[in-house]
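Peer 1: Residues in the sequence shown are numbered from 1 upward in steps of one, following UniProt numbering.
In this text, a Cβ means the ideal position worked out from N, Cα and C, and glycines have one as well.
Can you keep this structure in mind? I'll have questions shortly.
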Amino acid sequence: MEPIEFTPPLDMESDASSPSSHHEPPVEITLKFPPEKHTQKWEFFPTDTFEHLTLSLSLEFPSYDWSKAKALLEKRQPGLKSVYTPSDDAHLPLSALHHTTLRLLAPQTSALTSLQSQSASAASWQAKRAAARARLPRLTPTQRATADDLAYTFHTLRPLPHLPNPAHSLALLERLKSDPGIRVAMKRRRFSVGLLTEMDPAAHTSATHEGVTRILGLNRNRGEVIELRLRTDAYDGWRDYRVVRKTLCHELAHNVHGDHDSKFWALCREIEKEVERADWKSGGQAVGAEEYAPGRGLEGGELEEGMVMDHGGWTGGTYVLGGGGGGGGGDGEGLSAREIRARAAEARWSNLERVTRQGSDHEREGSGGSTEQEQDSA
(Lines of atoms letter the chains of each structure in order from A and count residues from 1; the text may use other names and numbers.)
(Lines give C-alpha, C1' and ligand atoms only; values in the text may rest on other atoms or scores of the structure.)
Protein backbone atom coordinates (compact mmCIF):
# COMPACT_ATOMS: atom_id res chain seq x y z
CA MET A 1 0.00 0.00 0.00
CA GLU A 2 1.44 3.30 -1.15
CA PRO A 3 1.57 6.03 1.54
CA ILE A 4 -1.01 8.77 1.08
CA GLU A 5 0.43 12.21 0.54
CA PHE A 6 -0.58 14.50 3.36
CA THR A 7 0.11 18.15 4.12
CA PRO A 8 0.03 19.11 7.83
CA PRO A 9 -2.87 21.27 9.00
CA LEU A 10 -0.64 24.28 9.65
CA ASP A 11 0.21 24.47 5.96
CA MET A 12 -3.29 23.98 4.53
CA GLU A 13 -4.63 27.54 4.98
CA SER A 14 -3.54 28.66 1.50
CA ASP A 15 -1.72 27.29 -1.47
CA ALA A 16 0.84 30.03 -1.12
CA SER A 17 1.86 28.76 2.31
CA SER A 18 2.17 25.10 1.35
CA PRO A 19 5.66 23.57 1.00
CA SER A 20 4.94 22.62 -2.60
CA SER A 21 4.31 26.29 -3.55
CA HIS A 22 7.94 27.20 -2.73
CA HIS A 23 10.78 27.00 -5.23
CA GLU A 24 12.64 24.44 -3.09
CA PRO A 25 11.25 20.91 -3.08
CA PRO A 26 9.44 19.95 0.15
CA VAL A 27 10.78 17.52 2.74
CA GLU A 28 8.88 14.26 2.57
CA ILE A 29 8.68 12.02 5.64
CA THR A 30 6.47 8.94 5.99
CA LEU A 31 4.89 8.80 9.45
CA LYS A 32 3.50 5.62 10.97
CA PHE A 33 1.37 5.87 14.10
CA PRO A 34 0.02 2.36 14.96
CA PRO A 35 -2.47 3.42 17.68
CA GLU A 36 -4.46 5.37 15.08
CA LYS A 37 -3.58 3.03 12.20
CA HIS A 38 -2.04 6.02 10.50
CA THR A 39 0.52 5.56 7.69
CA GLN A 40 0.94 8.63 5.48
CA LYS A 41 3.60 10.71 3.75
CA TRP A 42 3.86 14.20 5.23
CA GLU A 43 5.45 17.27 3.57
CA PHE A 44 7.36 19.98 5.43
CA PHE A 45 9.30 23.11 4.54
CA PRO A 46 13.05 22.60 4.16
CA THR A 47 13.55 25.04 7.03
CA ASP A 48 11.25 23.15 9.45
CA THR A 49 12.70 21.39 12.48
CA PHE A 50 11.67 18.38 14.53
CA GLU A 51 9.75 20.76 16.78
CA HIS A 52 7.47 21.61 13.82
CA LEU A 53 6.83 17.91 13.35
CA THR A 54 5.84 17.51 17.01
CA LEU A 55 3.53 20.52 16.84
CA SER A 56 1.83 19.23 13.70
CA LEU A 57 1.25 15.85 15.33
CA SER A 58 -0.25 17.45 18.46
CA LEU A 59 -2.80 19.24 16.30
CA GLU A 60 -3.63 16.12 14.29
CA PHE A 61 -3.85 13.78 17.32
CA PRO A 62 -4.63 15.98 20.36
CA SER A 63 -5.44 13.09 22.72
CA TYR A 64 -1.76 12.13 22.95
CA ASP A 65 1.09 13.71 24.90
CA TRP A 66 3.64 14.45 22.12
CA SER A 67 6.12 16.04 24.49
CA LYS A 68 6.90 12.48 25.66
CA ALA A 69 6.82 10.94 22.19
CA LYS A 70 9.53 8.90 20.46
CA ALA A 71 10.21 8.62 16.74
CA LEU A 72 11.87 5.36 15.68
CA LEU A 73 13.74 5.45 12.39
CA GLU A 74 13.01 2.52 10.10
CA LYS A 75 15.77 1.35 7.77
CA ARG A 76 18.46 3.34 9.53
CA GLN A 77 20.77 5.28 7.22
CA PRO A 78 24.40 6.30 7.76
CA GLY A 79 24.79 9.40 9.93
CA LEU A 80 21.27 9.17 11.44
CA LYS A 81 20.17 8.03 14.91
CA SER A 82 17.65 5.28 15.49
CA VAL A 83 15.51 7.19 18.03
CA TYR A 84 14.45 10.87 18.11
CA THR A 85 12.68 12.72 20.93
CA PRO A 86 11.27 16.27 21.30
CA SER A 87 13.51 17.00 24.27
CA ASP A 88 16.77 15.97 22.57
CA ASP A 89 16.11 16.78 18.91
CA ALA A 90 13.81 19.83 18.91
CA HIS A 91 16.15 21.83 16.63
CA LEU A 92 17.02 19.02 14.23
CA PRO A 93 16.35 20.12 10.58
CA LEU A 94 13.72 17.86 9.04
CA SER A 95 15.70 17.97 5.80
CA ALA A 96 18.04 15.45 7.46
CA LEU A 97 15.08 13.02 7.58
CA HIS A 98 14.02 13.54 3.94
CA HIS A 99 12.60 10.38 2.39
CA THR A 100 12.73 8.43 5.65
CA THR A 101 10.04 6.56 7.59
CA LEU A 102 9.37 7.26 11.27
CA ARG A 103 7.34 5.02 13.56
CA LEU A 104 5.78 7.17 16.29
CA LEU A 105 5.15 6.25 19.92
CA ALA A 106 3.24 8.51 22.34
CA PRO A 107 1.23 7.99 25.53
CA GLN A 108 -2.42 8.95 25.64
CA THR A 109 -3.17 11.96 27.77
CA SER A 110 -6.01 10.18 29.59
CA ALA A 111 -3.80 7.15 30.35
CA LEU A 112 -1.02 9.38 31.64
CA THR A 113 -3.43 11.24 33.88
CA SER A 114 -4.81 7.96 35.21
CA LEU A 115 -1.29 6.67 35.89
CA GLN A 116 -0.37 9.83 37.76
CA SER A 117 -3.57 9.56 39.80
CA GLN A 118 -2.86 5.95 40.69
CA SER A 119 0.68 6.83 41.66
CA ALA A 120 -0.55 9.57 43.95
CA SER A 121 -3.11 7.21 45.51
CA ALA A 122 -0.45 4.56 46.10
CA ALA A 123 1.86 7.09 47.73
CA SER A 124 -0.97 8.27 49.98
CA TRP A 125 -1.82 4.70 50.96
CA GLN A 126 1.80 3.93 51.77
CA ALA A 127 2.01 7.02 53.95
CA LYS A 128 -1.15 6.06 55.84
CA ARG A 129 0.12 2.50 56.29
CA ALA A 130 3.47 3.71 57.62
CA ALA A 131 1.73 6.04 60.08
CA ALA A 132 -0.54 3.23 61.29
CA ARG A 133 2.41 0.87 61.78
CA ALA A 134 4.25 3.56 63.74
CA ARG A 135 1.35 3.74 66.20
CA LEU A 136 1.30 -0.03 66.80
CA PRO A 137 3.20 -1.37 69.84
CA ARG A 138 6.48 -3.07 69.04
CA LEU A 139 6.78 -6.80 69.73
CA THR A 140 9.64 -7.94 71.91
CA PRO A 141 12.09 -10.49 70.45
CA THR A 142 10.57 -13.22 72.63
CA GLN A 143 7.14 -12.54 71.12
CA ARG A 144 8.26 -12.92 67.53
CA ALA A 145 7.52 -16.41 66.27
CA THR A 146 9.62 -17.15 63.23
CA ALA A 147 8.83 -19.77 60.66
CA ASP A 148 11.65 -21.95 62.04
CA ASP A 149 10.18 -21.82 65.55
CA LEU A 150 6.88 -23.11 64.22
CA ALA A 151 8.36 -25.77 61.95
CA TYR A 152 11.23 -27.29 63.96
CA THR A 153 9.67 -28.17 67.29
CA PHE A 154 7.41 -30.68 69.05
CA HIS A 155 4.04 -30.17 67.41
CA THR A 156 1.95 -32.06 69.99
CA LEU A 157 2.51 -32.61 73.72
CA ARG A 158 0.55 -35.37 75.43
CA PRO A 159 0.75 -36.62 79.03
CA LEU A 160 -0.82 -39.93 80.06
CA PRO A 161 -4.30 -39.07 81.35
CA HIS A 162 -4.71 -42.32 83.36
CA LEU A 163 -1.72 -41.51 85.59
CA PRO A 164 -1.92 -39.17 88.60
CA ASN A 165 -1.55 -35.42 88.05
CA PRO A 166 -1.20 -35.32 84.24
CA ALA A 167 -1.09 -31.50 84.41
CA HIS A 168 2.36 -31.66 86.01
CA SER A 169 3.59 -34.01 83.29
CA LEU A 170 2.27 -31.62 80.65
CA ALA A 171 4.10 -28.72 82.31
CA LEU A 172 7.33 -30.75 82.21
CA LEU A 173 6.81 -31.53 78.51
CA GLU A 174 6.19 -27.84 77.81
CA ARG A 175 9.38 -26.94 79.67
CA LEU A 176 11.33 -29.36 77.49
CA LYS A 177 9.75 -27.92 74.35
CA SER A 178 10.70 -24.36 75.30
CA ASP A 179 14.16 -25.23 76.64
CA PRO A 180 16.61 -22.82 74.90
CA GLY A 181 19.18 -25.51 74.21
CA ILE A 182 16.64 -27.98 72.83
CA ARG A 183 15.19 -25.27 70.56
CA VAL A 184 18.63 -24.34 69.22
CA ALA A 185 19.54 -27.97 68.55
CA MET A 186 16.26 -28.69 66.76
CA LYS A 187 16.33 -25.58 64.56
CA ARG A 188 19.99 -26.08 63.66
CA ARG A 189 19.30 -29.64 62.46
CA ARG A 190 15.74 -29.03 61.24
CA PHE A 191 14.27 -31.60 63.62
CA SER A 192 10.49 -31.80 63.60
CA VAL A 193 8.79 -34.19 66.07
CA GLY A 194 5.11 -34.97 65.66
CA LEU A 195 4.37 -36.08 69.23
CA LEU A 196 6.27 -35.73 72.52
CA THR A 197 4.63 -37.82 75.22
CA GLU A 198 5.42 -39.46 78.55
CA MET A 199 6.16 -43.12 79.13
CA ASP A 200 4.39 -45.37 81.61
CA PRO A 201 7.15 -46.62 83.97
CA ALA A 202 5.38 -49.92 84.66
CA ALA A 203 5.33 -50.82 80.96
CA HIS A 204 9.06 -50.25 80.48
CA THR A 205 10.65 -51.72 83.61
CA SER A 206 12.13 -55.21 83.87
CA ALA A 207 14.08 -57.04 86.54
CA THR A 208 16.63 -59.85 86.32
CA HIS A 209 19.18 -61.41 88.68
CA GLU A 210 21.54 -58.60 87.63
CA GLY A 211 19.19 -55.81 88.69
CA VAL A 212 16.39 -53.58 87.52
CA THR A 213 16.42 -52.17 83.99
CA ARG A 214 14.47 -49.03 83.18
CA ILE A 215 13.95 -47.73 79.65
CA LEU A 216 14.17 -43.94 79.80
CA GLY A 217 13.14 -43.00 76.26
CA LEU A 218 11.99 -44.25 72.88
CA ASN A 219 12.06 -42.72 69.40
CA ARG A 220 9.55 -44.17 66.96
CA ASN A 221 9.95 -43.75 63.20
CA ARG A 222 12.81 -41.25 63.52
CA GLY A 223 10.94 -38.45 65.19
CA GLU A 224 7.31 -39.29 64.58
CA VAL A 225 6.86 -40.02 68.31
CA ILE A 226 9.28 -39.58 71.23
CA GLU A 227 8.41 -41.07 74.62
CA LEU A 228 10.18 -39.98 77.82
CA ARG A 229 10.13 -41.51 81.29
CA LEU A 230 9.03 -38.59 83.45
CA ARG A 231 7.82 -40.32 86.61
CA THR A 232 9.41 -42.45 89.30
CA ASP A 233 8.56 -46.15 89.44
CA ALA A 234 6.12 -45.68 92.34
CA TYR A 235 4.30 -42.81 90.56
CA ASP A 236 4.95 -40.64 93.62
CA GLY A 237 7.16 -38.07 91.89
CA TRP A 238 9.02 -36.99 88.78
CA ARG A 239 12.56 -37.62 87.67
CA ASP A 240 15.17 -34.88 87.67
CA TYR A 241 14.69 -32.43 84.78
CA ARG A 242 18.28 -32.55 83.57
CA VAL A 243 18.19 -36.35 83.45
CA VAL A 244 15.01 -36.25 81.35
CA ARG A 245 16.51 -33.58 79.11
CA LYS A 246 19.66 -35.64 78.57
CA THR A 247 17.47 -38.56 77.57
CA LEU A 248 15.68 -36.29 75.11
CA CYS A 249 19.03 -35.33 73.56
CA HIS A 250 19.73 -39.01 73.09
CA GLU A 251 16.36 -39.64 71.44
CA LEU A 252 16.74 -36.62 69.12
CA ALA A 253 20.00 -38.11 67.85
CA HIS A 254 17.93 -41.12 66.76
CA ASN A 255 16.16 -38.83 64.27
CA VAL A 256 19.31 -39.19 62.14
CA HIS A 257 20.98 -42.45 63.20
CA GLY A 258 19.11 -45.54 64.28
CA ASP A 259 22.03 -47.65 65.47
CA HIS A 260 24.31 -46.83 68.38
CA ASP A 261 27.39 -46.47 66.21
CA SER A 262 30.18 -43.89 66.27
CA LYS A 263 28.19 -41.45 64.12
CA PHE A 264 25.28 -41.63 66.53
CA TRP A 265 27.41 -41.00 69.61
CA ALA A 266 29.18 -38.09 67.92
CA LEU A 267 25.84 -36.44 67.15
CA CYS A 268 24.47 -37.24 70.60
CA ARG A 269 27.46 -35.63 72.35
CA GLU A 270 27.18 -32.61 70.05
CA ILE A 271 23.53 -32.08 70.93
CA GLU A 272 24.20 -32.54 74.65
CA LYS A 273 26.98 -29.93 74.58
CA GLU A 274 24.78 -27.43 72.76
CA VAL A 275 22.00 -27.91 75.31
CA GLU A 276 24.39 -27.56 78.24
CA ARG A 277 25.91 -24.36 76.82
CA ALA A 278 22.47 -22.83 76.45
CA ASP A 279 21.54 -23.73 80.05
CA TRP A 280 22.83 -20.53 81.65
CA LYS A 281 20.75 -20.97 84.80
CA SER A 282 22.72 -23.89 86.21
CA GLY A 283 26.22 -25.26 86.17
CA GLY A 284 28.18 -28.17 87.53
CA GLN A 285 27.07 -31.77 87.78
CA ALA A 286 24.97 -31.82 90.98
CA VAL A 287 21.22 -31.35 90.82
CA GLY A 288 19.15 -31.71 93.98
CA ALA A 289 20.04 -34.75 96.02
CA GLU A 290 21.21 -36.79 93.05
CA GLU A 291 24.40 -36.68 91.07
CA TYR A 292 24.16 -36.13 87.33
CA ALA A 293 26.83 -38.21 85.60
CA PRO A 294 27.70 -38.91 81.96
CA GLY A 295 26.77 -42.35 80.73
CA ARG A 296 29.29 -45.16 80.64
CA GLY A 297 30.53 -45.78 77.13
CA LEU A 298 30.06 -42.18 76.04
CA GLU A 299 33.71 -41.22 76.18
CA GLY A 300 34.78 -43.71 73.57
CA GLY A 301 31.69 -43.32 71.46
CA GLU A 302 30.78 -47.02 71.71
CA LEU A 303 28.72 -48.99 74.18
CA GLU A 304 30.04 -51.74 76.35
CA GLU A 305 28.72 -55.22 75.77
CA GLY A 306 25.24 -55.70 77.22
CA MET A 307 24.50 -51.98 77.57
CA VAL A 308 21.58 -50.38 75.78
CA MET A 309 21.62 -46.60 75.72
CA ASP A 310 17.85 -46.38 75.72
CA HIS A 311 17.80 -48.16 79.06
CA GLY A 312 18.65 -46.57 82.37
CA GLY A 313 19.46 -47.80 85.87
CA TRP A 314 20.12 -46.55 89.34
CA THR A 315 23.39 -47.38 91.10
CA GLY A 316 23.01 -46.25 94.65
CA GLY A 317 21.85 -42.66 94.48
CA THR A 318 23.56 -41.87 91.19
CA TYR A 319 21.71 -42.05 87.90
CA VAL A 320 23.98 -43.34 85.15
CA LEU A 321 22.64 -42.79 81.63
CA GLY A 322 23.10 -46.02 79.73
CA GLY A 323 23.58 -48.18 82.84
CA GLY A 324 21.96 -51.56 82.51
CA GLY A 325 22.03 -52.79 86.10
CA GLY A 326 20.91 -51.50 89.43
CA GLY A 327 22.39 -52.08 92.84
CA GLY A 328 20.98 -54.81 94.96
CA GLY A 329 20.50 -57.74 92.58
CA GLY A 330 17.27 -59.49 91.81
CA ASP A 331 15.56 -58.53 95.09
CA GLY A 332 15.24 -54.96 93.78
CA GLU A 333 12.29 -55.76 91.53
CA GLY A 334 9.45 -53.28 91.98
CA LEU A 335 11.43 -50.91 94.24
CA SER A 336 11.17 -47.16 93.83
CA ALA A 337 14.17 -44.90 93.40
CA ARG A 338 13.86 -43.77 97.02
CA GLU A 339 13.86 -47.36 98.25
CA ILE A 340 16.86 -48.23 96.10
CA ARG A 341 18.81 -45.26 97.50
CA ALA A 342 17.87 -46.27 101.04
CA ARG A 343 19.10 -49.80 100.47
CA ALA A 344 22.32 -48.48 98.97
CA ALA A 345 22.92 -46.30 102.05
CA GLU A 346 22.22 -49.27 104.29
CA ALA A 347 24.69 -51.38 102.29
CA ARG A 348 27.39 -48.71 102.59
CA TRP A 349 26.83 -48.56 106.38
CA SER A 350 27.08 -52.36 106.59
CA ASN A 351 30.33 -52.31 104.61
CA LEU A 352 31.75 -49.65 106.94
CA GLU A 353 30.88 -51.74 110.01
CA ARG A 354 32.41 -54.85 108.43
CA VAL A 355 35.67 -53.01 107.62
CA THR A 356 35.84 -51.62 111.15
CA ARG A 357 35.20 -55.03 112.64
CA GLN A 358 37.83 -56.67 110.45
CA GLY A 359 40.37 -54.05 111.52
CA SER A 360 39.74 -54.80 115.18
CA ASP A 361 40.10 -58.54 114.59
CA HIS A 362 43.47 -58.01 112.89
CA GLU A 363 44.73 -56.03 115.86
CA ARG A 364 43.69 -58.77 118.31
CA GLU A 365 45.26 -61.46 116.16
CA GLY A 366 48.52 -59.49 116.03
CA SER A 367 48.75 -59.07 119.80
CA GLY A 368 47.78 -62.74 120.42
CA GLY A 369 50.52 -64.02 118.12
CA SER A 370 53.20 -62.17 120.12
CA THR A 371 52.09 -63.82 123.35
CA GLU A 372 52.24 -67.30 121.87
CA GLN A 373 55.78 -66.60 120.54
CA GLU A 374 56.94 -65.49 123.97
CA GLN A 375 55.53 -68.66 125.55
CA ASP A 376 57.33 -70.85 123.01
CA SER A 377 60.60 -69.09 123.75
CA ALA A 378 60.16 -69.66 127.47
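1) What's the C-alpha gap between K75 and L55?
2) Could you tell me the boundaries of the beta strand (DSSP E) in which S82 lies?
3) Cutting at 7 Å between CB atoms, please list the residues of its own chain near S95, excluding the five before and the five after it.
4) Would you report the Cα separation of E251 and A130, rounded to the nearest angstrom?
5) Taking the continuous beta strand (DSSP E) assigned at K70, which residues delimit it?
6) Using the DSSP secondary-structure output, state which residues sit across from G39 in a beta bridge.
7) Ordered along the chain, which non-local residues of its own chain (more than five positions away) have a Cβ less than 8 Å from that of L102?
8) Within 10 angstroms of its Cβ, does T247 collect 16 or more other Cβ (buried), or is it exposed?
9) So what's S67 in DSSP terms, helix, strand or just coil?
10) Could you please give me the residues that DSSP links to I182 through a beta bridge?
11) At which residues does the beta strand (DSSP E) containing V256 begin and terminate?
12) For a test of the three-state rule: what should DSSP assign to F191, helix, strand or coil?
13) If you follow the alpha helix (DSSP H) that R229 is part of, which residue opens it and which one closes it?
14) So which of A151, F154 and A171 has the shortest CA-CA distance to L160?
15) Hey, R158 and L218: beta-carbon distance below 8 Å or not?
16) Can you tell which of W66, S262 and P164 has the C-alpha that lies nearest to the C-alpha of S87?
17) Suppose the cutoff is 8 Å on Cβ atoms and the five residues either side in sequence are ignored; what does the same chain contact list for R229 look like?
18) Give me the Cα-Cα distance between R183 and Y152, rounded to the nearest whole angstrom.
19) Residues in its own chain within less than 8 Å of T100 by CB, not counting five upstream and five downstream?
20) Please state whether DSSP places P166 in a helix, a strand or coil.
21) For L105, which residues in the same chain have their Cβ closer than 6 Å to its Cβ, ignoring the five residues on either side in sequence?
22) Tell me, please, whether the CB atom of Y84 is closer than 8 Å to any CB atom in chain C?
23) Using the beta-carbon count (16 or more within 10 Å), is L150 buried or exposed?
24) Exposed or buried, which one is G181 when buried takes at least 16 other CB atoms within 10 Å?
25) Which residues share a DSSP beta bridge with A147?
26) Report the rounded CA-to-CA distance for R236 versus R220, giving the unit in angstroms.
27) Measure from the alpha carbon of S82 to the alpha carbon of each residue in E43, L97, E224 and N255, then state which is nearest.
28) Is I271 closer than 8 Å to A185 when the C-beta atoms are compared?
29) As a quick exercise: from V256, R175, K273 and E224, pick the residue whose alpha carbon is nearest that of Y241.
30) Assign E51 to one of three DSSP states: helix, strand, or coil.
31) Assign A106 to one of three DSSP states: helix, strand, or coil.
32) Using a threshold of 8 Å, state whether the C-beta atoms of H155 and V193 are closer than that.
33) Is the beta carbon of F191 closer than 8 Å to that of G223?
34) Please state whether DSSP places G322 in a helix, a strand or coil.
35) Would you kindly work out how many angstroms separate the C-alpha atoms of A206 and A234, rounded to a whole number?
36) Look up F154 in the DSSP assignment and give the residues it is bridged to.
Peer 2: According to the data block:
1) Distance between the alpha carbons of K75 and L55: 24 Å.
2) Per DSSP, S82 belongs to no beta strand (DSSP E) and is neither H nor E.
3) Only residues of its own chain outside the window of five on either side were considered, and among them V27 and P46 have a CB closer than 7 Å to the CB of S95, listed in chain order.
4) C-alpha of E251 to C-alpha of A130: approximately 47 Å in a straight line.
5) K70 to E74 is the extent of the beta strand (DSSP E) around K70.
6) Sequence check: residue 39 is Thr here, not Gly. Bridge pairing for T39: K32 [DSSP].
7) Here the set comprises I29, T30, L31, K32, A71, L72, L73, E74 and Y84.
8) Its Cβ being crowded by 16 or more others within 10 Å, T247 is buried.
9) Three-state result, S67: helix.
10) None, per the DSSP bridge assignment.
11) Element bounds for V256: n/a, residue is neither H nor E.
12) Residue state for F191 is assigned as coil, using DSSP reduced to three classes.
13) It is not in any alpha helix (DSSP H) - R229 carries neither H nor E in the DSSP assignment.
14) Ranked by Cα distance from L160, the first of A151, F154 and A171 is A171.
15) L218 is positioned such that its CB atom lies no closer than 8 Å to that of R158.
16) Out of W66, S262 and P164, the CA that lies nearest to the CA of S87 is found in W66.
17) Non-local beta-carbon contacts of R229 in its own chain, meaning distances under 8 Å to residues more than five positions away in sequence, involve E198, M199, P201, H204, R214, I215, L216, G217, R239, V244, T247 and G312 in chain order.
18) If you draw a straight line from the Cα of R183 to the Cα of Y152, it is about 8 Å long.
19) I29, T30, L73, E74, K75, Q77 and L80, listed in sequence order.
20) P166 falls in the helix class under three-state DSSP.
21) If we look at L105 and ignore the five residues flanking it on each side, its Cβ neighbours are K70.
22) Among the chains of the structure shown, chain C does not appear; only one protein chain is present.
23) Taking a 10 Å sphere around the C-beta of L150, we find fewer than 16 other C-beta atoms and assign the residue as exposed.
24) Buried.
25) Paired residue(s): none; A147 is not in a bridge.
26) Here residue 236 turns out to be Asp, not Arg, going by the sequence shown. Roughly 27 Å separates the two Cα atoms.
27) Here the closest residue by C-alpha is L97.
28) For the 8 Å CB-CB criterion, A185 and I271 form a contact.
29) That would be R175, whose Cα lies nearest to the Cα of Y241.
30) When DSSP states are grouped into helix, strand and coil, E51 belongs to the helix group.
31) In the structure shown, A106 sits in coil (DSSP, three-state: anything other than H, G, I, E or B).
32) Result yes, Cβ atoms of H155 and V193 sit closer than 8 Å.
33) The Cβ-Cβ distance between G223 and F191 falls below 8 Å.
34) The pLDDT assigned to G322 is 38, lower than 50, so where the model puts this residue is not dependable, and the model offers no usable value.
35) Note that residue 206 is Ser in the sequence shown here, rather than Ala. Cα to Cα, S206 sits roughly 14 Å from A234.
36) DSSP lists V193 as partners of F154.
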